Ligand code: DGY
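What follows is the structure, encoded as structure tokens:
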């Protein structure tokens, strides 16, 4: 008999066909709406697998799904999941690393460039018919090439940023992570340093750490005060890694040149957030991995992981190997 899968993310036709060939699929496009939630509650008692993204899955939800074997997340980040509860319930959690690394680093660099060169603000000036002559120093941006790139978190995405900065823009690279990585130092001429030293010396500070109890609020008022007033912060990690009120204060009061933000403490960001009124902020709607190619690759990876788990094969991208009983 086919296993039951609850799908809460749209899949391309080929991926849907692949999934449906081996499982019985119940699609719930918006599991956070009242109707979607009711359908989810009906489906969970029979579900063997879940596939989707952005749904918080914790103890109460897992308790509704006694047959559940695997949740295949279409994301690299796993901060929406209570992994300890997954372990208690013996449910496997998989994610989609690797396939989004380069695209997410592209997003980080796009934000860095756009903020430094004031691309969005100045495009707005053109668009609104306010380009009346050569722009003057008040609209000048700041150079990127040759400036110091500080990367907080030197995992796959951090390394892909270092590659862009070092080889593409001749940037000296500083990084902060649990440990020094000699291969990174060698490839990118990078230097491992303490967070406060990185904040003090970098012209661009890019956040790429996962959101955990340890990284929540990592960049607060004190850390922002260590940065150069000419520096730019880029956040492609998670909103809560930064104390948003402190960031707004620093940006409003000229203690920071600008910020490129793909993530926010609340998403979607509130339309009355002061961040949206600041010209020195480039906000994007959590588009780190959002290209057609990469989102398809992520979905394919999630389908593979889910089907493997339901066939009792060890999935490639297992987040909680401790729950594997293979
Ligand atoms: C990820 O894959 O974690 C992206 O940030 C989307 O949530």
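Residue numbers (this note's numbering): 89 to 414.
Positions of the beta carbon are idealized from the N, C-alpha and C atoms, including for glycine.
A quick note: this is a predicted structure, and the numbers were derived from the prediction, not measured.
Is there contact between the region 389–400 and the region 366–380, where contact requires at least three CB pairs shorter than 8 Å? no
C-alpha gap between residue 56 and residue 127, whole angstroms: Outside the displayed range of the chain (89 to 414) lies residue 56, so it cannot be described from this structure.
Find out if the Cβ-Cβ distance for the pair residue 203, residue 239 is shorter than 8 Å. Sequence index remark: in the chain shown, residue 203 carries index 115 (1-based). Sequence index remark: in the chain shown, residue 239 carries index 151 (1-based). No, Cβ-Cβ distance for residue 203 and residue 239 is not below 8 Å.
The ligand DGY and residue 388: does the residue's C-beta get closer than 7 Å to at least one heavy atom of that ligand? The residue given as residue 388 occupies position 300 in the chain shown. Checking every heavy atom of the ligand DGY against the Cβ of residue 388, none is found closer than 7 Å.
Is it true that the CB of residue 280 sits closer than 8 Å to the CB of residue 314? Translated into positions along the chain shown, residue 314 becomes position 226. Translated into positions along the chain shown, residue 280 becomes position 192. Not closer than 8 Å, so no.
Grab the span of the beta strand (DSSP E) containing residue 320 for me, first residue to last. One-based indexing of the chain shown puts residue 320 at position 232. 320–323 is the extent of the beta strand (DSSP E) around residue 320.
Compute the distance between the beta-carbons of residue 293 and residue 321, then report whether it is under 8 Å. Start at 1 with the first residue of the chain shown, and residue 293 comes out as number 205. Start at 1 with the first residue of the chain shown, and residue 321 comes out as number 233. In contact: residue 293 and residue 321 (Cβ atoms closer than 8 Å).
Would you list, in sequence order, the uninterrupted beta strand (DSSP E) runs of no fewer than 3 residues that lie entirely inside the region 96–129? 111–115
Which residues, in chain order, sit with a beta-carbon under 5 Å away from any heavy atom of the ligand DGY? 163, 164, 165, 376
Where do the N-terminal and C-terminal ends of the alpha helix (DSSP H) with residue 160 fall, by residue? Working through the chain shown from its first residue, we reach residue 160 at position 72. Here residue 160 belongs to no alpha helix (DSSP H); instead the beta strand (DSSP E) covers 158–161.
Does the region 254–263 come close enough to the region 225–245 to have 3 or more Cβ pairs within less than 8 Å? yes
Can you give me the C-alpha to C-alpha distance between residue 384 and residue 99, rounded to a whole angstrom? For the purposes of this step, residue 384 is identified with residue 296 of the chain shown, where counting begins at 1. For the purposes of this step, residue 99 is identified with residue 11 of the chain shown, where counting begins at 1. Taking the straight line from one Cα to the other gives about 8 Å.
Nearest-angstrom Cα distance between residue 168 and residue 334? Residue numbering aside, residue 168 sits at position 80 when the chain shown is read from its first letter. Residue numbering aside, residue 334 sits at position 246 when the chain shown is read from its first letter. Approximately 24 Å, taken between the alpha carbons.
Would residue 93 be called buried (16 or more neighbouring beta carbons within 10 Å of its own) or exposed? Here residue 93 refers to the residue found at position 5 when the chain shown is read from its first residue. Buried, because 16 or more other Cβ atoms sit within 10 Å of the Cβ of residue 93.
Host beta strand (DSSP E) of residue 293 (start-end): Sequence index remark: in the chain shown, residue 293 carries index 205 (1-based). Per DSSP, residue 293 belongs to the beta strand (DSSP E) from 292–295.
So residue 262 is in the beta strand (DSSP E); what residue range does that whole segment cover? Translated into positions along the chain shown, residue 262 becomes position 174. Unbroken beta strand (DSSP E) run through residue 262: 261–264.
Please tell me whether residue 38 and residue 95 are closer than 8 Å, where the distance is taken between their beta carbons. Only positions 89 to 414 of the chain appear in the structure, and residue 38 is not among them; the question remains open.
So, helix, strand or coil for residue 347, using DSSP? As a position in the chain shown, residue 347 is number 259, starting the count at 1. Note: residue 347 maps to strand in three-state DSSP.
Determine the contact status of residue 317 and residue 345, defining contact as a CB-CB distance below 8 Å. Taking the chain shown and counting its residues from 1, one reaches residue 317 at position 229. Taking the chain shown and counting its residues from 1, one reaches residue 345 at position 257. Yes, the pair counts as a contact, with Cβ atoms nearer than the cut-off.
If we ignore side chains and look at the alpha-carbon of each, how far apart do residue 406 and residue 135 end up? Locating residue 406 in the chain shown gives position 318, counting from the first residue. Locating residue 135 in the chain shown gives position 47, counting from the first residue. Roughly 19 Å between the two C-alpha positions.
Tell me which residues share the same chain as residue 187 and place their Cβ nearer than 6 Å to its Cβ, disregarding the 5 neighbours each side in the sequence. The sequence position of residue 187 within the chain shown is 99, counting from 1. Once the five neighbours on either side are set aside, the close Cβ partners of residue 187 are 385, 386, 389.
Among the residues of its own chain, which have a CB less than 6 Å from the CB of residue 306, if the five just before and after it don't count? Locating residue 306 in the chain shown gives position 218, where the first residue counts as 1. Counting only Cβ-Cβ distances below 6 Å, and skipping sequence neighbours, we find 329.
Those residues which DSSP pairs with residue 280 across a bridge: Counting from one through the chain shown, the residue named residue 280 turns up at place 192. Note: residue 280 sits in a beta bridge opposite 263.
Does the beta-carbon of residue 247 have 16 or more other beta-carbons within 10 angstroms, so that it is buried, or is it exposed? Stepping through the chain shown from its first residue, residue 247 is reached at position 159. Burial call: buried.
CA nearest to the CA of residue 199, picked from 274, 161, 325, 122: In the chain shown, the residue the question calls residue 199 occupies position 111. With distances taken between Cα atoms, residue 199 lies closest to 325.
Considering only residues of the region 224–251, which uninterrupted beta strand (DSSP E) runs meet the minimum length of 3 residues and lie entirely inside it, listed in chain order? Those beta strand (DSSP E) runs which fall completely within the region 224–251 and span 3+ residues are 237–240.
Which first and last residues belong to the beta strand (DSSP E) in which residue 138 is found? For the purposes of this step, residue 138 is identified with residue 50 of the chain shown, where counting begins at 1. 137–140 is the span of the beta strand (DSSP E), which, as asked, contains residue 138.
Start and end of the beta strand (DSSP E) containing residue 148? Position 60 of the chain shown, counted from the first residue, corresponds to residue 148. In the DSSP assignment, residue 148 falls outside any beta strand (DSSP E) and lies within the alpha helix (DSSP H) extending over 147–151.
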